[in-house]
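Read through the structure below, which is laid out as structure tokens, and then see the notes.
Protein chains in written order, with our numbering: chain A, 10 to 332; chain B, 10 to 332; chain C, 10 to 332.
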């Protein structure tokens with residue numbers, strides 16, 4: 010059943026896309042990291058990545074393009090998937106995260122290309138597996154590929170002579186007292202940390218991109234980031250981690266997913282989304298501690314797991330509806 | 010498919026429950042921890058919890074009520090789920106386990122309330138995901154929520170200034186020679202450890218509660234606890250852990266589930282259940298060692314995993330049938 | 010749906026198998042470790058196991074027989090499953106792996122018998138769970154049972170007084186410079202490591218068995234083993250581990266699965282299989298590091314995970330088809 014209905018969506022007989030259609034999949038793919046299809050949102054996101062560092066822009070684009078081309082080469086439906094950017098966004102994050110953890114090197118280029126191909130296949134597999142439950146893949150393929158590569162990396166001499174970017178900010182600056190600067194900067198950084206960017210002004214550019222897609226989307230993202238930060242603060246998380254947006258980015262994505270994208274917005278469903286946003290921030294520590302043992306990272310696992318659970322539950326609820 | 014058939018069971022148009030109906034969901038929810046719907050069984054279990062310690066009674070009741078109210082507020086079917094106590098039992102265990110691991114504090118109250126809400130959503134999600142396979146959620150939502158909170162806890166200063174109740178009895182009293190006292194006390198304790206109670210007389214009260222539901226249920230629980238303990242003894246487990254019932258409680262639940270609740274009882278299916286009961290005891294060590302690395306606990310994971318496998322397998326077997 | 014269609018395949022009303030039919034399930038079961046049904050292939054594999062060490066032959070046969078008899082006793086379909094050896098191969102690997110990790114002892118005999126029974130139930134469960142997606146169980150039941158037993162083992166004094174066979178060859182002989190001897194021996198060893206055999210000439214016997222089933226199968230296995238080894242070498246893996254075939258065996262199984270067994274062979278699908286073969290070798294380190302923390306082993310987890318993903322994805326692809 011899963012297989013027949015999925016294959017009927019595949020691309021046989023569709024007219025082939027032109028060059029400008031293909032080009033548009035790139036910003037759309039990058040916008041899909043935040044669950045958006047808006048072309049201009051994607052272009053603003055690309056600017057934000059380059060402001061964060063040229064390597065994030067270049068490796069993010071590389072991953073997006075390779076993942077999208079893989080899907081096209083294997084015959085994924087242009088209309089239902091590729092043209093919407095749905096085949097690119099995990100490649101974006103694979104590129105950005107691997108250059109962060111493995112540094113700018115030729116081997117990282119090879120790993121991003123291979124990782125984007127493998128992530129594309131995993132996206133297709135999850136699409137089939139989740140279809141009976143109407144669940145989206147979200148960023149799960151990225152989480153799996155990057156986790157596997159970072160955990161396996163130390164076994165390979167040509168992958169891992171330097172391990173970059175892994176100590177949390179609180180390692181250098183411990184303490185739980187939250188200052189005003191950490192509060193407002195952390196709220197903006199939470200929007201940027203979706204793409205692993207921890208500077209508050211890069212977060213502001215991403216927020217502008219979201220507002221281009223719709224002011225409600227931008228508002229939900231900002232409020233969710235603040236709620237995630239405050240959740241961590243109430244529980245007693247390290248202030249430096251809060252200030253870097255580390256408790257916000259999973260809340261941002263969960264808020265966008267549950268409040269407007271996949272669930273019809275009502276007063277009750279907004280409360281439901283709020284519980285999810287808080288859960289995503291709380292889960293950040295559990296996932297982080299779990300993966301720390303083997304050298305993995307939190308990534309967007311909390312967002313993926315919480316959103317899957319909150320979407321899968323909907324059919325049991327008479328008062329919550331899918332969008 | 011999963012979504013449509015599940016949503017058709019949701020509560021639109023049903024007459025609302027009265028106050029006494031609502032009250033009855035509390036003992037029923039607590040009885041469902043042991044897969045029972047009997048009101049009196051639940052009341053005896055509440056007595057047992059308070060004999061074990063006032064905090065287990067209070068936090069167990071808190072979790073049960075919050076989880077049940079969450080399900081009601083979101084519109085879960087009263088007739089099919091809530092009235093049977095099926096929305097309460099994971100909340101019970103979340104309450105009891107968190108007060109054991111995090112102590113009596115106001116933050117624990119907050120965490121039990123939030124955990125029971127999140128566990129309620131996870132129950133709904135698992136109901137949808139497992140429906141095509143006719144598998145019950147068992148205590149999986151409790152296992153997930155408590156594992157995540159205990160693993161993440163140390164990152165939060167306001168959650169974790171004291172970590173209670175985690176060293177196994179064998180830490181203070183190592184050795185594998187099993188005495189008579191450990192044998193009989195451990196068999197009763199195994200029944201109580203389902204609710205994290207390690208005194209043999211508390212186990213006896215839980216056993217009385219099970220006998221109220223049916224003498225066969227009580228007998229299956231007692232024999233399963235003994236089989237679990239003996240499995241550990243044959244393999245060479247620590248005697249103090251055996252005496253505390255730590256190898257018995259997953260066997261108790263697996264025995265009740267596979268021998269009478271979800272599988273039709275025949276001579277062959279009793280043997281099948283016996284294999285499951287032994288497997289649950291054996292798996293206790295594997296799961297325990299796995300979670301110990303990140304500060305997690307065995308909980309009822311072995312019961313959940315073994316029972317899922319033994320129930321999922323049934324359609325392949327011409328000689329075993331679902332009840 | 011999953012349950013009804015699965016149970017219709019169960020064995021009621023089929024004529025019972027004779028003694029020679031039963032005997033044939035043993036070599037067929039052992040051939041199925043490499044996804045083959047050929048009787049003679051299985052007989053050559055048995056010879057290879059005894060050349061590797063009498064204990065591997067004896068414990069491998071024990072596991073195969075116990076697993077097959079369990080399936081028969083519970084009523085699994087003779088025609089669709091048992092007669093093809095599909096109920097035996099996980100038992101084979103449980104026997105071979107447990108005698109490697111736990112040594113030749115009476116307790117190991119007990120554990121292989123119980124493990125083969127539990128692995129048989131898990132095979133049935135996975136058959137039901139994976140049926141809607143047309144995915145085979147592969148060696149997943151073996152991976153689960155052996156992982157659980159090896160991780161839990163140290164808690165049991167009678168299981169674990171000596172832990173055998175776990176240090177990788179590179180522990181005694183570190184370095185990443187690959188010699189010619191390691192290259193050709195490692196390529197053959199990769200074929201034998203599917204059964205935990207690290208001598209190159211045992212790998213040659215297994216390769217002969219595969220060629221008996223079809224020269225194309227043998228060729229795919231040999232090339233996949235070489236590709237796996239070279240993947241490890243490019244990434245900078247330890248040469249001694251490459252020379253022992255540790256980066257080859259998951260590639261061998263993935264190659265056989267994706268190139269000829271479950272996917273129709275075309276030029277594009279051969280490239281698709283190649284990506285899978287490389288991914289299985291790369292994943293070896295990630296899985297190994299993950300399980301090392303709790304004393305587990307890589308086993309054939311990379312093959313299982315990669316092949317599931319690459320098969321599950323097929324319905325999304327207009328240009329790849331299931332065989």
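C-beta atoms are modelled at their ideal positions from N, C-alpha and C, and glycine is treated no differently.
Beta carbon proximity, residue i to chain B, threshold 8 angstroms
{"i": "residue 318 of chain A", "result": "yes"}
{"i": "residue 196 of chain A", "result": "no"}
{"i": "residue 136 of chain C", "result": "yes"}
{"i": "residue 180 of chain A", "result": "no"}
{"i": "residue 36 of chain A", "result": "no"}
{"i": "residue 259 of chain A", "result": "no"}
{"i": "residue 114 of chain C", "result": "no"}
{"i": "residue 284 of chain A", "result": "yes"}
{"i": "residue 313 of chain A", "result": "no"}
Cβ of residue i within 8 angstroms of any chain C Cβ
{"i": "residue 141 of chain A", "result": "yes"}
{"i": "residue 163 of chain A", "result": "yes"}
{"i": "residue 322 of chain B", "result": "yes"}
{"i": "residue 279 of chain B", "result": "no"}
{"i": "residue 299 of chain B", "result": "yes"}
{"i": "residue 26 of chain B", "result": "no"}
{"i": "residue 75 of chain B", "result": "no"}
Reduced DSSP category for residue i - H, G, I as helix; E, B as strand; rest coil
{"i": "residue 118 of chain B", "result": "helix"}
{"i": "residue 17 of chain C", "result": "Summary for residue 17 of chain C: the model assigns pLDDT 39, below 50, so the residue's position carries little reliability; its value from the coordinates is reported in the next sentence. Note: residue 17 of chain C maps to helix in three-state DSSP."}
{"i": "residue 331 of chain C", "result": "strand"}
{"i": "residue 10 of chain A", "result": "Because residue 10 of chain A carries a pLDDT of 32, less than 50, the predicted location of this residue cannot be relied on, and the following value inherits that uncertainty. Residue 10 of chain A: coil per DSSP, three-state reduction."}
{"i": "residue 272 of chain B", "result": "strand"}
{"i": "residue 262 of chain A", "result": "helix"}
{"i": "residue 64 of chain A", "result": "helix"}
{"i": "residue 186 of chain A", "result": "coil"}
{"i": "residue 205 of chain C", "result": "coil"}
{"i": "residue 3 of chain B", "result": "No answer is possible for residue 3 of chain B: it lies beyond the span of chain B, which begins at 10 and ends at 332."}
{"i": "residue 109 of chain A", "result": "helix"}
{"i": "residue 144 of chain B", "result": "coil"}
{"i": "residue 303 of chain C", "result": "coil"}
{"i": "residue 253 of chain C", "result": "coil"}
{"i": "residue 315 of chain C", "result": "helix"}
{"i": "residue 223 of chain A", "result": "coil"}
{"i": "residue 88 of chain C", "result": "coil"}
{"i": "residue 298 of chain C", "result": "helix"}
{"i": "residue 267 of chain B", "result": "helix"}
Cβ of residue i within 8 angstroms of any chain A Cβ
{"i": "residue 329 of chain C", "result": "yes"}
{"i": "residue 126 of chain B", "result": "yes"}
{"i": "residue 232 of chain C", "result": "no"}
Nearest-angstrom Cα separation, counted from residue j out to residue i
{"i": "residue 92 of chain C", "j": "residue 98 of chain C", "result": "12 angstroms"}
{"i": "residue 60 of chain B", "j": "residue 211 of chain B", "result": "7 angstroms"}
{"i": "residue 70 of chain A", "j": "residue 219 of chain A", "result": "19 angstroms"}
{"i": "residue 261 of chain A", "j": "residue 153 of chain C", "result": "36 angstroms"}
{"i": "residue 233 of chain B", "j": "residue 168 of chain C", "result": "22 angstroms"}
{"i": "residue 44 of chain C", "j": "residue 188 of chain B", "result": "49 angstroms"}
{"i": "residue 62 of chain C", "j": "residue 130 of chain C", "result": "29 angstroms"}
{"i": "residue 182 of chain A", "j": "residue 176 of chain A", "result": "11 angstroms"}
{"i": "residue 140 of chain B", "j": "residue 332 of chain B", "result": "16 angstroms"}
{"i": "residue 320 of chain C", "j": "residue 132 of chain A", "result": "12 angstroms"}
{"i": "residue 269 of chain A", "j": "residue 42 of chain A", "result": "16 angstroms"}
{"i": "residue 205 of chain C", "j": "residue 115 of chain C", "result": "21 angstroms"}
{"i": "residue 26 of chain B", "j": "residue 32 of chain B", "result": "10 angstroms"}
{"i": "residue 144 of chain A", "j": "residue 64 of chain C", "result": "48 angstroms"}
{"i": "residue 178 of chain B", "j": "residue 118 of chain B", "result": "27 angstroms"}
Discussion item. Measuring CB atoms only, is the stretch 270-280 of chain A touching the stretch 240-260 of chain A, in the sense that at least three cross pairs come out at less than 8 angstroms?
Written reply: Flag = no, the stretch 270-280 of chain A and the stretch 240-260 of chain A do not touch.
Worksheet item: Are three or more beta carbon pairs between the stretch 76-87 of chain A and the stretch 108-121 of chain A nearer than 8 angstroms?
Response: Output reads no: the stretch 108-121 of chain A does not touch the stretch 76-87 of chain A.
Item to complete: For the stretch 302-312 of chain B and the stretch 118-128 of chain B, state whether three or more C-beta atom pairs, one from each stretch, are separated by less than 8 angstroms.
Response: Touching, no.
Discussion item. Would you call the stretch 273-293 of chain C in contact with the stretch 46-60 of chain A, where contact means no fewer than 3 C-beta pairs closer than 8 angstroms?
Written reply: No, they do not touch.
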